[in-house]
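*Asks:*
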Amino acid sequence: MSANNALHIAVLAGDGIGPEVMAPALDILRKVEVNSDLRFRFTEAPAGANHYRETGKSMPESTVRLCEEADAILLGACGLPSVRYPDNTEIAPQVELRFLFDLYAGVRPARLIPGVPSPIVGADQCGIDMVVIRESTEGLFASMGKGVVTDEDARETLVITRKTSERLFEFSFKLAERRKARGRPGQLTCVDKANVFRAFAFFRKMFDEAARHHPTVKADHLYVDACSLMLVKRPWDFDVMVMENMFGDILSDLAAGLIGGMGMAPSADIGDRYAVFQPCHGTAPDIMGQGKANPTAMILSVAMMLDWLADKHGLENAAEAGERIEQAVDKAYADGIKPFELGGKNGTADIAKAVMAAV
Ligand SMILES: NC(=O)c1ccc[n+]([C@@H]2O[C@H](COP(=O)([O-])OP(=O)(O)OC[C@H]3O[C@@H](n4cnc5c(N)ncnc54)[C@H](O)[C@@H]3O)[C@@H](O)[C@H]2O)c1
1 MSANNALHIA VLAGDGIGPE VMAPALDILR KVEVNSDLRF RFTEAPAGAN
51 HYRETGKSMP ESTVRLCEEA DAILLGACGL PSVRYPDNTE IAPQVELRFL
101 FDLYAGVRPA RLIPGVPSPI VGADQCGIDM VVIRESTEGL FASMGKGVVT
151 DEDARETLVI TRKTSERLFE FSFKLAERRK ARGRPGQLTC VDKANVFRAF
201 AFFRKMFDEA ARHHPTVKAD HLYVDACSLM LVKRPWDFDV MVMENMFGDI
251 LSDLAAGLIG GMGMAPSADI GDRYAVFQPC HGTAPDIMGQ GKANPTAMIL
301 SVAMMLDWLA DKHGLENAAE AGERIEQAVD KAYADGIKPF ELGGKNGTAD
351 IAKAVMAAV
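Take 1 as the starting number for the sequence shown in this note's numbering and just add one per residue.
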């Protein structure tokens with residue numbers, strides 16, 4: 001925090017619809033400033049495919065330094081399928097930041113906002129309110145950029161370490177406890193493939209060790225394949241889930257589908273010291289520049305940022321502001337907002353305006 005108590009926010013809008021959803025999210029924070037004694041200082045910085053196209057780098061050193069100095073990092077979305085490294089992989093500073101800042105806990109809440117249709121029969125009555133915690137620095141992604149490919153075969157190596165897993169499980173149990181204190185069931189499910197792979201048997205063993213220190217949380221396990229089935233059949237049975245990076249990459253998108261689409265799903269990548277807040281979605285090149293992007297996920301990510309800052313700095317007003325933003329989003333949908341991705345006619349500007357009015 002700077003001398004005038006302003007929270008310094010690094011803003012990496014990125015590519016595609018990233019800047020389109022970032023603009024209304026910042027407007028909401030400016031409105032929070034008007035309605036509270038919270039103050040923000042925003043510093044924008046480049047990262048992503050467009051920056052790579054211009055400079056040959058995914059992000060400059062100055063962006064990394066800014067992220068290091070800021071109180072929190074907001075990211076729109078980065079990468080474009082048409083811009084690639086010579087090895088044919090994409091420009092992904094959002095993934096690099098996780099490694100650089102040791103952001104091991106990818107927190108991906110999926111809450112069905114009342115009034116938003118879910119593709120799952122019964123969800124409107126039973127509700128959906130779960131969190132996928134995706135380990136974000138190792139698992140199969142530890143192999144990023146290191147895979148060995150010949151003309152005959154290709155190999156990528158999955159890594160699970162005790163150091164990261166123990167911190168991940170501690171974080172996950174604490175989150176389940178916090179949610180229990182707020183009226184949720186307080187249940188944590190370890191999602192793995194421990195029936196086949198030794199690495200996942202190791203992952204599960206460490207989960208069970210951690211569970212012994214958190215007796216008030218109901219700890220259980222599911223294999224990832226069975227979990228995929230249960231998520232579609234009875235998503236309301238889940239509270240918090242924790243899993244390896246690649247499984248979390250896939251299941252968190254599935255969870256976003258359950259609550260209406262990518263534009264509804266916020267996220268945070270959290271470490272012991274730093275955190276990046278961004279929507280789950282990517283740069284959506286199919287709709288960029290058309291005013292159709294749903295900014296809800298980005299706005300809800302800002303609410304998550306305020307909650308994290310509140311916890312970190314003991315700022316009760318930041319927690320209240322985060323809650324106010326969530327309630328404003330709920331009100332906008334209760335009043336009939338329907339984004340394009342849900343078959344409606346409301347674009348970025350309409351949704352932003354409705355939420356702004358309710359904050
Ligand atoms: N965190 C990130 O920065 C991130 C995450 C995922 C993908 N990407 C990158 O984004 C690019 C596109 O990837 P993709 O197509 O697999 O995933 P995507 O999330 O960009 O899009 C998937 C689908 O969801 C829709 N969608 C996404 N966000 C939306 C929103 N806010 N409102 C309405 N509809 C929305 C898109 O139109 C598309 O049909 C790729 O270059 C990929 O590498 C970046």
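For glycine and all other residues, C-beta sits at the position ideal for the given N, C-alpha and C.
Since this is a predicted model, take the numbers as computed values, not measurements.
1. Do you know how far the Cα of Gly291 is from the Cα of Thr157?
2. Can we count Val21 as close to ligand 1, meaning its CB is less than 8 Å from some heavy atom?
3. Below 8 Å, is the gap between the Cβ of Ala92 and the nearest heavy atom of ligand 1?
4. Does any heavy atom of ligand 1 sit closer than 8 Å to the C-beta of Ile287?
5. For the segment 228-247 against the segment 132-146, do three or more pairs of beta-carbon atoms, one drawn from each stretch, fall closer than 8 Å, so that the two count as touching?
6. Where Phe277 and Asp27 are concerned, what is the direct C-alpha to C-alpha distance, given to the nearest angstrom?
7. Using a threshold of 9 Å, state whether the C-beta atoms of Ile91 and Ala49 are closer than that.
8. Please name the residue in Pro117, Asp124 and Phe99 whose C-alpha comes closest to that of Gly139.
9. Is Lys283 near ligand 1, in the sense that its beta carbon is under 8 Å from a heavy atom of that ligand?
10. Quick check: does the Cβ of Ile73 come within less than 8 Å of any heavy atom belonging to ligand 1?
11. My output table needs one value for Tyr333: the three-state DSSP class, helix, strand or coil.
12. Does ligand 1 have a heavy atom nearer than 8 Å to the CB of Gly261?
13. Note down the Cα distance separating Ala318 from Arg39, rounded to an integer number of angstroms.
14. If I follow the unbroken beta strand (DSSP E) through His8, where does it start and stop?
15. Can you list, in chain order, the residues of its chain whose CB lies under 7 Å from that of Ala256, leaving out five sequence neighbours each side?
16. Is it the case that the Cβ atoms of Ala328 and Val355 are separated by a distance below 9 Å?
17. Please identify the residue among Ala352, Asp350 and Glu341 whose C-alpha is closest to the C-alpha of Ser118.
18. Would you mind reading off the limits of the beta strand (DSSP E) that contains Pro295?
19. Quick check: what's the CA-CA separation for Leu175 versus Arg212?
20. Mind reading off the beta-carbon distance from Ser62 to Ala45? Whole number of angstroms is fine, and I expect it under 8 Å.
21. Give the DSSP-derived three-state secondary structure of Met230 in the structure shown.
22. Any chance you could list the beta strand (DSSP E) runs of at least 3 consecutive residues sitting entirely within the segment 218-281, in chain order?
23. Any heavy atom of ligand 1 inside 8 Å of the beta-carbon of Asn294?
24. Using the Cβ count rule (16 or more neighbours within 10 Å means buried), how would you classify Ala3?
25. How would you call Asn5, buried or exposed, if buried means at least 16 neighbouring beta carbons within 10 angstroms?
26. If you run the structure through DSSP and keep just helix, strand and coil, what is Met206?
27. Report yes if the C-beta of Cys280 is less than 8 Å from at least one heavy atom of ligand 1; otherwise report no.
28. Ligand 3 heavy atoms versus the CB of Pro339: any closer than 8 Å?
29. Quick check: what's the CA-CA separation for Ala352 versus Asp208?
30. Rounded C-beta distance between Gly18 and Cys78? I'm assuming under 8 Å.
31. Quick check: is any heavy atom of ligand 1 less than 8 Å from the C-beta of Leu254?
32. Alpha carbons only, please: which of Leu315, Ala275 and Ala349 is nearest the one belonging to Gln94?
*Replies:* Well, looking at it:
1. Translated into the one-based positions of the sequence shown, residue 157 becomes position 157. Translated into the one-based positions of the sequence shown, residue 291 becomes position 291. Their Cα atoms are separated by approximately 41 Å.
2. Within the sequence shown, the letter at position 21 stands for residue 21. Within the cutoff, so yes.
3. Along the sequence shown, read from residue 1 onward, the residue named residue 92 stands at position 92. Under cutoff, so the answer is yes.
4. By 1-based counting over the sequence shown, the position of residue 287 is 287. Ile287: yes, Cβ under 8 Å from ligand 1.
5. Yes, the segment 228-247 is in contact with the segment 132-146.
6. Start at 1 with the first residue of the sequence shown, and residue 277 comes out as number 277. Start at 1 with the first residue of the sequence shown, and residue 27 comes out as number 27. Our two residues, Phe277 and Asp27, have alpha carbons roughly 16 Å apart in a direct line.
7. Taking the sequence shown and counting its residues from 1, the one referred to as residue 91 is at position 91. Taking the sequence shown and counting its residues from 1, the one referred to as residue 49 is at position 49. Between Ile91 and Ala49, the C-beta spacing is below 9 Å.
8. The count along the sequence shown starts at 1 and reaches residue 139 at position 139. Answer by Cα proximity: Phe99.
9. If you number the sequence shown from 1, residue 283 lands on position 283. For the record, residue 283 in the displayed sequence is Thr; it is not Lys. Yes, ligand 1 has a heavy atom inside 8 Å of this Cβ.
10. Residue mapping note: residue 73 aligns to position 73 of the sequence shown, counting from 1. When distances are taken from the beta-carbon of Ile73 to the heavy atoms of ligand 1, even the shortest one reaches 8 Å or more.
11. The residue given as residue 333 occupies position 333 in the sequence shown. Here Tyr333 sits in helix by DSSP.
12. Against the sequence shown, residue 261 aligns to sequence position 261. Correct: Gly261 has its Cβ closer than 8 Å to ligand 1.
13. Residue mapping note: residue 318 aligns to position 318 of the sequence shown, counting from 1. Residue mapping note: residue 39 aligns to position 39 of the sequence shown, counting from 1. CA-to-CA, the gap between Ala318 and Arg39 works out to about 10 Å.
14. Within the sequence shown, residue 8 is the residue found at index 8, counting from 1. Looking at the DSSP string, the run of the beta strand (DSSP E) that includes His8 is Leu7 to Gly14.
15. Numbered from 1 along the sequence shown, position 256 holds the residue referred to as residue 256. Cβ neighbours of Ala256 beyond the five flanking positions: Ala110, Met262, Met264, Ala265 and Cys280.
16. Taking the first residue of the sequence shown as position 1, residue 328 is located at position 328. Taking the first residue of the sequence shown as position 1, residue 355 is located at position 355. Between Ala328 and Val355, the C-beta gap is smaller than 9 Å, which places the two residues in contact.
17. Within the sequence shown, numbered from 1, the residue matching residue 118 stands at position 118. Distances from the CA of Ser118 to each of Ala352, Asp350 and Glu341 were compared; the closest alpha carbon is that of Glu341.
18. Taking the first residue of the sequence shown as 1, we reach residue 295 at position 295. Run containing Pro295: none; DSSP gives neither H nor E here.
19. The residue labelled residue 175 in the question sits at position 175 within the sequence shown. The residue labelled residue 212 in the question sits at position 212 within the sequence shown. Rounded to whole angstroms, the gap between the alpha carbons of Leu175 and Arg212 is 16 Å.
20. Taking the first residue of the sequence shown as 1, we reach residue 62 at position 62. Taking the first residue of the sequence shown as 1, we reach residue 45 at position 45. Yes, they are in contact, since the Cβ atoms of Ser62 and Ala45 sit about 7 Å apart, within 8 Å.
21. Locating residue 230 in the sequence shown gives position 230, where the first residue counts as 1. Of the three classes helix, strand and coil, the one that applies to Met230 here is helix, per DSSP.
22. Residue ranges of uninterrupted beta strand (DSSP E) with 3 or more members, entirely inside the segment 218-281 and ordered along the chain, are 218-223, 240-243, 266-270 and 275-279.
23. For this step, residue 294 is matched to residue 294 along the sequence shown. Yes.
24. Numbered from its first residue, the sequence shown carries residue 3 at position 3. A caution first: Ala3 carries a pLDDT of 48, below 50, which makes its placement in the model too unreliable to give a value.
25. In the sequence shown, the residue the question calls residue 5 occupies position 5. So Asn5 ends up on the exposed side.
26. Here residue 206 refers to the residue found at position 206 of the sequence shown. The DSSP-derived three-state label of Met206 is helix.
27. Residue mapping note: residue 280 aligns to position 280 of the sequence shown, counting from 1. Short note on Cys280: C-beta closer than 8 Å to some heavy atom of ligand 1.
28. Ligands in the displayed structure: ligand 1; ligand 3 is not one of them.
29. Within the sequence shown, the letter at position 352 stands for residue 352. Within the sequence shown, the letter at position 208 stands for residue 208. Here the C-alpha atom of Ala352 lies approximately 43 Å from the C-alpha atom of Asp208.
30. In the sequence shown, residue 18 corresponds to position 18, counting from 1. In the sequence shown, residue 78 corresponds to position 78, counting from 1. Yes, Gly18 and Cys78 are in contact; Cβ-Cβ is about 7 Å, under 8 Å.
31. For the purposes of this step, residue 254 is taken as residue 254 along the sequence shown, with counting starting at 1. It does not: the Cβ of Leu254 is nowhere closer than 8 Å to a heavy atom of ligand 1.
32. Taking the first residue of the sequence shown as position 1, residue 94 is located at position 94. The alpha carbon of Gln94 has as its nearest neighbour, out of Leu315, Ala275 and Ala349, the alpha carbon of Ala275.
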